[in-house]
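Numbering (the working numbering), first residue to last: 2 to 130.
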């Protein structure tokens, strides 16, 4: 593990690549085909395991402030993390995702992330109504 300039620990093997193609063709499997298991390690730290993808494990950070501002509490933290991993898998192969990252950094590489989260949250709210 190394510490990057943004203060986030990251794997030395796997990083987001700025030159990567933003297309669904880069993903090997549909994110809907990969069960995502999210377990809370603390209030801000989560373990994410992609089953059937060599059980890849990620550690994901999600602050309360970012979570509340982004979702307006319409979905729970685990729901946001599941959505976020699926979002990334539509754009990257599982191997191209950092093993340790903060959810708030996704918007840096994918500016559409936050608007898609808001649409998803609204759809979940509409579905419950």
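Ideal placement from N, C-alpha and C gives every residue a C-beta, glycine not left out.
Because the structure is a prediction, the values reported are computed rather than measured.
Assuming residue i and residue j are in contact, meaning their beta carbons sit under 8 Å apart, how far apart are those beta carbons, in whole angstroms?
i, j, result
"residue 84", "residue 118", "6 Å"
"residue 53", "residue 36", "7 Å"
Measure the alpha-carbon distance for residue i versus residue j and round it to whole angstroms.
i, j, result
"residue 107", "residue 124", "21 Å"
"residue 40", "residue 78", "10 Å"
"residue 97", "residue 114", "17 Å"
"residue 69", "residue 122", "12 Å"
Is residue j closer than 8 Å to residue i when the C-beta atoms are compared?
i, j, result
"residue 72", "residue 81", "yes"
"residue 86", "residue 120", "no"
Ignore the nearest five residues each way along the sequence and tell me which others in residue i's own chain have a CB closer than 7 Å to its CB.
i, result
"residue 126", "75"
Tell me which same chain residues have a C-beta within less than 6 Å of the C-beta of residue i, skipping the five on either side of it?
i, result
"residue 67", "105"
Below 8 Å CB to CB, which residues in the same chain sit around residue i once its five sequence neighbours on both sides are set aside?
i, result
"residue 47", "39, 40, 41, 60, 61, 62, 63, 78, 79 and 82"
"residue 45", "62, 63, 64 and 65"
How far does the alpha helix (DSSP H) with residue i in it reach, from first residue to last?
i, result
"residue 86", "78 to 90"
"residue 50", "Here residue 50 belongs to no alpha helix (DSSP H); instead the beta strand (DSSP E) covers 46 to 51."
In the DSSP assignment, find the unbroken beta strand (DSSP E) run with residue i in it and report its ends.
i, result
"residue 38", "37 to 41"
"residue 73", "From DSSP, residue 73 is part of no beta strand (DSSP E); its letter is neither H nor E."
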